[in-house]
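The number in the working numbering is simply the position in the sequence shown, starting from 1, with 25 added. Ideal placement from N, C-alpha and C gives every residue a C-beta, glycine not left out. Owing to the predicted nature of the structure, the values given are computational and were not obtained by experimental measurement.
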Amino acid sequence: MAESAEPVLEVTGLVKHYPLTRGIVFRKRTGAVRAVDGVSFSLARGETLGIVGESGCGKSTVAKLLVGLERPTAGRIRYRGEDITRLSGRALKAVRRNIQMVFQDPYTSLDPRMTVGDIVGEPYEIHPEAAPRGDRRRRVRELLDVVGLSPEHINRYPHQFSGGQRQRIGIARGLALRPEVIVADEPVSALDVSVQAQVVNLLERLQSEFGLSYVFIAHDLSVVRHISDRVGVMYLGRLAETGTDTEIYDHPTHPYTQALLSAVPVPDPGARERRERIILAGEVPSPAAPPSGCRFRTRCWKARERCAVEEPVLAVPVALATRGPAAHPSACHFAEERRTVPAMGSER
Ligand code: ADP
Ligand code: MG
Numbered sequence: 026m027a028e029s030a031e032p033v034l035e036v037t038g039l040v041k042h043y044p045l046t047r048g049i050v051f052r053k054r055t056g057a058v059r060a061v062d063g064v065s066f067s068l069a070r071g072e073t074l075g076i077v078g079e080s081g082c083g084k085s086t087v088a089k090l091l092v093g094l095e096r097p098t099a100g101r102i103r104y105r106g107e108d109i110t111r112l113s114g115r116a117l118k119a120v121r122r123n124i125q126m127v128f129q130d131p132y133t134s135l136d137p138r139m140t141v142g143d144i145v146g147e148p149y150e151i152h153p154e155a156a157p158r159g160d161r162r163r164r165v166r167e168l169l170d171v172v173g174l175s176p177e178h179i180n181r182y183p184h185q186f187s188g189g190q191r192q193r194i195g196i197a198r199g200l201a202l203r204p205e206v207i208v209a210d211e212p213v214s215a216l217d218v219s220v221q222a223q224v225v226n227l228l229e230r231l232q233s234e235f236g237l238s239y240v241f242i243a244h245d246l247s248v249v250r251h252i253s254d255r256v257g258v259m260y261l262g263r264l265a266e267t268g269t270d271t272e273i274y275d276h277p278t279h280p281y282t283q284a285l286l287s288a289v290p291v292p293d294p295g296a297r298e299r300r301e302r303i304i305l306a307g308e309v310p311s312p313a314a315p316p317s318g319c320r321f322r323t324r325c326w327k328a329r330e331r332c333a334v335e336e337p338v339l340a341v342p343v344a345l346a347t348r349g350p351a352a353h354p355s356a357c358h359f360a361e362e363r364r365t366v367p368a369m370g371s372e373r
């Protein structure tokens, strides 16, 4: 799907640290939560980049940084080649129009006291220049139609809709300003499995209709595969591995990706038997004190001395450079080693 050379978004070394403080009168800084700790990627026009990882690894923080709801501690975000990281005021507002967010939970992200018409039309209050006042109702009706809702329901309230319909309302709001980029933060995670596919299909249809680019965030690897052109796997504030869907799902080289994939349910019982399930040792460390060197090492069955002292960079491993789909960026010192799976449930 991706075609043009210049990326719509380019993120370099993105960092977001939240200060940890003690005391109320004299707030003493005691450290920082490294929610995002050096993330780089680019998004081509018309492309979908999936970002996956367990809860707490920094996905929502990346989303908030991209749409300007949070300011990065360090790093740079470029939109169509322009550095937007330190824009403010009117210039920032103008750029934000083009990068919109769809939130995770349609039950809490829609104000229950507002009508659907007011919710979907709210972006026009923030950006009055986007649509003349007299034209807004008509536009909102059209947006409802575009996302598969009845324009007649414009005066209803969120509680009168199902979960899937509410997420359609959220998507209609995200489209109101005709953005180029949609950052969807776990847009189907709160929905019934039966409804998830419908919302994903809607997003795909809208993408081809309007030429949108997506950053699609999920903790569920199987949801992301279907919609993504490329996938980035996050662990403790950093990307562990990036690649096309084939590269990531069929040729993962980072032990964390391999472990995540081994936990994805397989419908065919035969395949389930044959597959090795990787059970990671221990818990995800605190993002306030990530391990030295490779931050995955405390849970990795391949880890050895080097992993504790040298942080692996996200790059194509030299030893894999000619190995077809295995040649994609992986932040592991031993990515080329054959995956030797530990015995089930074993501690390292
Ligand atoms: P995810 O979306 O992958 O679950 P988040 O980006 O929400 O992860 O959070 C990443 C880490 O940053 C978590 O440890 C979370 O507790 C922490 N965090 C997120 N927002 C804040 C905040 N405003 N202040 C302090 N810590 C935060
Ligand atoms: Mg989140």
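Using only the alpha-carbon positions, how far apart do residue i and residue j sit?
i, j, result
"E330", "E361", "17 Å"
"P204", "Q125", "6 Å"
"P354", "R52", "41 Å"
"K41", "G236", "30 Å"
"R47", "G159", "52 Å"
"Y274", "L286", "7 Å"
"V248", "I49", "43 Å"
"L169", "T140", "13 Å"
"Y239", "I76", "10 Å"
"P316", "P342", "22 Å"
"H279", "A69", "24 Å"
"A351", "L345", "6 Å"
"L261", "A284", "15 Å"
Once DSSP output is grouped into helix, strand and coil, what is the label at residue i?
i, result
"Y149", "helix"
"E335", "coil"
"H42", "strand"
"R52", "coil"
"S65", "strand"
"Q283", "helix"
"E372", "Low confidence applies to E372: its pLDDT is 41, below 50, so where it sits in the model is not reliable, and the reading given next is rough at best. In the structure shown, E372 sits in coil (DSSP, three-state: anything other than H, G, I, E or B)."
"V33", "coil"
"R47", "strand"
"E107", "strand"
"Y260", "strand"
"G318", "coil"
"E154", "helix"
"T278", "coil"
"E266", "strand"
"F359", "coil"
Relative to the C-alpha of residue i, which residue among the options is closest?
i, options, result
"G268", "H42, P157 and F66", "F66"
"G257", "R230, R101 and E266", "E266"
"S187", "D210, L200, E154 and Q223", "Q223"
"E336", "L264, D270, A288 and V291", "L264"
"G318", "V172, R161 and H358", "H358"
"V208", "V92, A352, V334 and G83", "V92"
"Y104", "E167, E31 and L94", "E31"
Around the Cβ of residue i, are there at least 16 other Cβ atoms within 10 angstroms (buried) or fewer (exposed)?
i, result
"V213", "buried"
"E72", "buried"
"A277", "For clarity, residue 277 is Pro in the given sequence; the question names Ala instead. P277 should be labelled buried."
"I151", "exposed"
"D62", "buried"
"P44", "exposed"
"E35", "buried"
"A290", "With the sequence shown as reference, residue 290 is identified as Pro, and Ala is not the correct amino acid for it. Exposed, by the Cβ-count rule."
"A88", "buried"
"L94", "exposed"
"T323", "buried"
So that I know if they touch, is there some Cβ in chain B lying closer than 7 Å to that of residue i?
i, result
"P183", "Here there is only one protein chain, and chain B is not present."
(request) Run through the region 166-250 for me and flag every whole alpha helix (DSSP H) of 4 or more residues, listed as ranges in chain order. (result) 188-200 and 218-235
(request) Could I get the ranges of all uninterrupted alpha helix (DSSP H) runs contained in the region 70-103, with 4 residues as the minimum, in chain order? (result) 84-92
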